[in-house]
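First up is the structure itself, then whatever we jot down about it.
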Amino acid sequence: MSTPDITSQVVAVCMAIAAGLIGCFALMRRMTLAADAMSHVALPGIGLALMLRLNPLAGALLMLLVGALLIWGIQRRTRIATETVIGVVFSVALAVGSTLASGEELIDALLGTPGALPLWEALLGIAAALLVVAFVLRMRNALIVALVSPDIARTAGVAVARLDLYFLLAFALTIALGLRYLGVLLMGSLIIIPPAVARRLARNLDGMFAWSMVVAVLATVAGSALASLAGRPSGPFIVMSAGALFGLSLLRRSAA
Amino acid sequence: MMDNALEVEDLGVRLGTEEVLRHLDFKVARGQCLAIIGPNGAGKTVLLRALIGALPHTGSIGWAPHTRFGYLPQKLDIERDLPVSGADLLRARAALAGVARGEITAALAAIGLDGATLDKPIGTLAGGQFQRLLIACALLGRPNVLLLDEPAAGVDAPGQEQLNELLRRQQLTAGMTILMVSHDLSVVHQYADQVLCLGRERTCFGPARTALTPGLLQEIYGMPVALHVHQGTTHEHA
Chain A
1 MSTPDITSQV
11 VAVCMAIAAG
21 LIGCFALMRR
31 MTLAADAMSH
41 VALPGIGLAL
51 MLRLNPLAGA
61 LLMLLVGALL
71 IWGIQRRTRI
81 ATETVIGVVF
91 SVALAVGSTL
101 ASGEELIDAL
111 LGTPGALPLW
121 EALLGIAAAL
131 LVVAFVLRMR
141 NALIVALVSP
151 DIARTAGVAV
161 ARLDLYFLLA
171 FALTIALGLR
181 YLGVLLMGSL
191 IIIPPAVARR
201 LARNLDGMFA
211 WSMVVAVLAT
221 VAGSALASLA
231 GRPSGPFIVM
241 SAGALFGLSL
251 LRRSAA
Chain B
257 MMDNALEVED
267 LGVRLGTEEV
277 LRHLDFKVAR
287 GQCLAIIGPN
297 GAGKTVLLRA
307 LIGALPHTGS
317 IGWAPHTRFG
327 YLPQKLDIER
337 DLPVSGADLL
347 RARAALAGVA
357 RGEITAALAA
367 IGLDGATLDK
377 PIGTLAGGQF
387 QRLLIACALL
397 GRPNVLLLDE
407 PAAGVDAPGQ
417 EQLNELLRRQ
427 QLTAGMTILM
437 VSHDLSVVHQ
447 YADQVLCLGR
457 ERTCFGPART
467 ALTPGLLQEI
477 YGMPVALHVH
487 QGTTHEHA
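Structure, rendered in structure tokens:
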């Protein structure tokens, strides 16, 4: 394995840890399908960036952050459920994105092509993953209480609307991190499947966090290696690995 | 404001196009218990939520400086498979309040919850057990104001008495101010100092023992509600 491959793998592992961790709260907040839908918001950003000859991931990140702000704003103003708003924003984004990107670039954007990472992108990726992990660990108590009752959280001094916004931004950042490896179509799966496996294996919340991170990392490493052997895009192999781990978890009786 | 825990003036809350509360004025002295009564849909929960800043409103809501809330929401819809145990919830709430774990033990002892219950996912707890857990949660962080939305809902009869005594004790020994939504008029009559009646047509506010007249209750509930008081115990019949 050459040096760029190792760098890429390190970033992939950091991304998987962030996805596994934030996925636990996405699952508990009933946002698992939203994760899938939201990753599609990146597509018009990638298309625009390619048209303007800019870094496609920068375009994706920008669009995801704008998407998160839009979803938060619409939800706050209209009190429509997060999942509904994400569903609307995602469909429109996918429609716009498919008119902006085309051909091989579109396949790359949809399915993920890791390749070698420039150093600046690798460092940025690791920093972003650390930011997501730090956010979840630091805000975990507020997230847990707000999950059970936003009003209890409010009376405990938590700024619930701001917490929701930060969570959506961290969520969007995690999706942006994984786009290179899994692509727009499949990144949501790395946020959905690991916590679903962890939910079956863990006995408590700490156990769920740990299992989710382990499953996300295992799926990413194994999937990337298999894709490299097959000379194919990595996204499908990572998701198939995660799916296999989910299948294995079904053999165990539910912890609940 | 100094002697009052809460002063509300000309409060109005609108949900969409519906005006749920309007021109509401009342004060709650420190250490007193205010019961909020009224028929379903009168806006009792909306009032509590407006008081904690969860809903936009008109008019003014003034809490005394250094108010620390304990809040018990109305029945929560928790998924059975939510992987959060009672212990997880209490630890998270205690951490937000910056209190030691010893205080969790004290709150649990006060409310009568055992360790085995705490280890279960909260979505699998029986209604009364979950209610006790939430009350323990509300007591963490040494609150000086308790806002309780139907605290006795789902709690068995002995548990309700234990709960009423606990609240009375908190009020008397810790000087806690209590705002409580309740449908149990005998409890309101027995424990509340003041009562705020929210009716569809009118509202009223006054001392619990004199304000709860049959005429007023009929006006508030839209049907006759008889309240019998026998040497400290009361029974109501609708």
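Protein chains in written order, with our numbering: chain A, 1 to 256; chain B, 257 to 494. Ideal placement from N, C-alpha and C gives every residue a C-beta, glycine not left out.
Minimum Cβ-Cβ distance from residue i to chain B less than 8 Å
i	result
A156/A	yes
S149/A	yes
I17/A	no
A202/A	yes
V145/A	yes
R199/A	yes
I192/A	no
A142/A	yes
M213/A	no
L33/A	no
M208/A	yes
I152/A	yes
L250/A	no
M28/A	yes
L245/A	no
L205/A	yes
Residues of its chain near residue i, where Cβ-Cβ distance is below 7 Å and the 5 sequence neighbours each way are ignored
i	result
C393/B	L345, L346, R349
A146/A	A153, V158, V160, L163
F386/B	I378
T301/B	Q330, D405, V437
G294/B	K300, C453, L454, G455, I476
S341/B	L374, D375, K376, P377, I378
I334/B	I378, G379
A343/B	L374, D375
L245/A	V197, V215, L218, A219
Cβ shell of residue i (< 8 Å), same chain only, five flanking positions each side left out
i	result
H486/B	Low per-residue confidence applies at H486/B: pLDDT is 45, beneath 50, and the placement is therefore not dependable enough to give any value.
L251/A	none
S316/B	E263, V264, E265, D266, L267
V276/B	V269, R270, G299, V302
Check whether residue i and residue j have beta carbons under 8 Å apart
i	j	result
V208/A	A198/A	Here the sequence assigns Met to residue 208/A, which means Val is not the residue at that position. In this structure, A198/A lies closer than 8 Å to M208/A by Cβ.
Q450/B	V284/B	yes
S241/A	A219/A	yes
G268/B	H313/B	yes
M15/A	F171/A	no
L190/A	I144/A	no
A34/A	T82/A	yes
L169/A	A68/A	yes
V96/A	L70/A	no
M28/A	L338/B	yes
L100/A	P44/A	yes
A351/B	N141/A	yes
L422/B	A366/B	yes
V148/A	L369/B	no
L328/B	I391/B	yes
Chain A contact for residue i (CB, 8 Å cutoff)
i	result
Y477/B	no
P312/B	no
E492/B	With a pLDDT of only 48 at E492/B, under the threshold of 50, the placement of this residue in the model should not be trusted; the figure read from the coordinates follows. Answer no: the Cβ-Cβ gap between E492/B and chain A never drops below 8 Å.
D344/B	yes
R305/B	yes
C393/B	yes
H486/B	In this prediction, H486/B has a pLDDT of 45, which is less than 50 and means its spatial position is unreliable; what the coordinates show is noted afterwards. No - not a single Cβ of chain A is within 8 Å of the one on H486/B.
L404/B	no
R270/B	no
E275/B	no
V264/B	no
Sequence-distant residues of its chain with Cβ nearer than 6 Å to residue i (five each side left out)
i	result
P321/B	none
N282/B	Note that residue 282/B corresponds to Phe in the displayed sequence, not to Asn. Correct list, in chain order: V264, L452, F461.
P194/A	G20, G23, S212, V215, A216
E306/B	The question names Glu, but residue 306/B is Ala in the sequence shown. So the list reads V269, H313, once near-sequence residues are dropped.
G488/B	Legend: pLDDT at G488/B = 46, less than 50; position of this residue unreliable, no value from coordinates given.
F135/A	A170
A448/B	C289, A291, A464
I86/A	A34, A37, M38, I71
T174/A	A18, A19, I22, V132
L124/A	none
Any non-hydrogen atom of the ligand FMN closer than 7 Å to residue i Cβ
i	result
R154/A	Absent from the structure shown: the ligand FMN. Ligands present: none.
Practice problem: Check whether the region 61-80 of chain A touches the region 169-182 of chain A, counting contact only when three or more Cβ pairs, one atom from each stretch, lie closer than 8 Å. | Solution: Short answer: they touch.
Quiz item: Do the region 374-385 of chain B and the region 117-137 of chain A make contact, defined as three or more Cβ pairs closer than 8 Å?
Solution: Three or more Cβ pairs closer than 8 Å define a contact, and the region 374-385 of chain B falls short of that threshold against the region 117-137 of chain A.
Quiz item: Counting pairs of beta carbons, one from the region 285-305 of chain B and one from the region 427-436 of chain B, are three or more of them closer than 8 Å?
Solution: Of all C-beta pairs linking the region 285-305 of chain B to the region 427-436 of chain B, three or more are shorter than 8 Å, placing the two stretches in contact.
Practice problem: Quick one: which unbroken beta strand (DSSP E) runs of 3-plus residues sit fully inside the region 319-374 of chain B? Chain order, please. | Solution: At a cut-off of 3 residues, the continuous stretches assigned as beta strand (DSSP E) that sit fully inside the region 319-374 of chain B are 325-328.
Quiz item: Are three or more beta carbon pairs between the region 391-409 of chain B and the region 348-363 of chain B nearer than 8 Å?
Solution: Output reads yes: the region 348-363 of chain B touches the region 391-409 of chain B.
Practice problem: Quick one: which unbroken beta strand (DSSP E) runs of 3-plus residues sit fully inside the region 284-310 of chain B? Chain order, please. | Solution: Qualifying beta strand (DSSP E) stretches, in chain order: 289-293.
Quiz item: Which ranges would you report for the alpha helix (DSSP H) in the region 73-100 of chain A if only whole runs of at least 4 residues count?
Solution: The qualifying runs are 82-100.
Self-check item: Whole runs of the alpha helix (DSSP H) within the region 119-164 of chain A, excluding any shorter than 4 residues
Solution: Runs of the alpha helix (DSSP H) inside the region 119-164 of chain A: 119-148, 150-155.
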